[in-house]
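Just below is one structure, and these are the notes that go with it.
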Amino acid sequence: MKAILQRVLSASVTVDKEVVSSIGKGVLVFAAVAPGDTQKEADSLAAKVLKLKLWDDDAGGKWKKNVQEINGEVLCVSQFTLLASMKKGNKPDFHGAAGGEEAKRLYQYFYEKVQQGYAPEKVQNGVFQAMMEVALVNDGPVTLELSVLPRSDPKAKPNPTPVSGPSNQAAIL
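Using the working numbering, the letters of the sequence shown map in sequence onto residues 1426 to 1598.
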């Protein structure tokens, strides 16, 4: 899984000219599911979203508090385009993103894990596969990229045959 986290003063999602979710001070999370991602990656990413130290403490210490410690809010937005590849020409290739049903299931699991790890009323959601307008006021600005890759089985034998196909690496412009 991959995510872009933005520390925000506010953020909202609008679908069909209707605001479907909004938050005040907190974290806006754009999250994408890659083929091969599992609940383990979603668990790890959800924990990172909640534990990441993005705010200063009251004594002026830098990067000391997480979203929970400031009583902030979280807005999660699914965004498969984070996993685009631009290796061939100028048209994005989205083969690095999981398919619709698989992605929806794991993204929803991720969102629920963020809610469970914090407080459901403090965690908002976009609309999966909808055309969304995402508005935000970035604080800092602070924008971070997080990737949680599936761990390979240390007992598994290496595959001697190279696998061809699109890379799971994303190109962010």
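By construction, the Cβ of each residue, glycine as well, lies at the ideal position given by its N, Cα and C atoms.
Is it the case that the Cβ atoms of residue i and residue j are separated by a distance below 8 Å?
i     : j     : result
A1528 : P1517 : no
L1561 : L1430 : no
F1455 : Q1504 : yes
D1601 : A1522 : The shown model of the chain, from 1426 to 1598, leaves out residue 1601, and the question about it has no answer.
L1477 : V1567 : no
Closer than 6 Å by C-beta to residue i: which residues in its own chain qualify, once you throw out the five before and the five after it? Chain order, please.
i     : result
T1439 : E1558
V1444 : S1437
S1435 : G1449, V1562
Measure the beta-carbon distance from residue i to residue j and round it to whole angstroms, keeping in mind my assumption that it falls under 8 Å.
i     : j     : result
A1472 : L1531 : Incorrect: roughly 15 Å between the Cβ atoms, too far for contact.
A1428 : L1574 : Not really, about 12 Å apart at Cβ, beyond 8 Å.
K1450 : G1497 : 5 Å
M1511 : A1459 : No, M1511 and A1459 are not in contact; Cβ-Cβ is about 16 Å, not under 8 Å.
Apart from the five residues just before and just after residue i, which ones in its own chain have a Cβ nearer than 7 Å to its Cβ?
i     : result
D1482 : K1489, K1490
N1550 : S1446, C1501, Y1536
Q1540 : V1548
Identify, in the order they occur along the chain, each residue of the same chain with its Cβ nearer than 8 Å to the Cβ of residue i, setting aside the five sequence neighbours on each side.
i     : result
Q1554 : S1503, G1525, K1529
Y1543 : L1475, V1492, Q1493, V1499
M1556 : V1440
P1545 : none
According to DSSP, simplified to helix, strand and coil, what is residue i?
i     : result
K1574 : A quick correction: the sequence has Leu, not Lys, at residue 1574. DSSP places L1574 in coil when its eight states are reduced to three.
K1427 : strand
G1451 : strand
D1441 : coil
Is any heavy atom of the ligand HEM found at a distance shorter than 7 Å from the C-beta of residue i?
i     : result
E1546 : By its list of ligands, the structure shown contains no ligand whatsoever, and the ligand HEM lies outside what it can speak to.
Is there a Cβ of chain B sitting closer than 8 Å to that of residue i, yes or no?
i     : result
G1497 : You won't find chain B in this structure, because it holds only one protein chain.
What are the start and end residues of each continuous beta strand (DSSP E) run of 3 or more residues lying completely inside the segment 1456 to 1504, in chain order? 1498 to 1503
Length-filtered (3 minimum) beta strand (DSSP E) runs lying within the segment 1495 to 1554: Along the length of the segment 1495 to 1554, whole beta strand (DSSP E) runs at least 3 residues long occupy 1498 to 1503, 1548 to 1550, reported in chain order.
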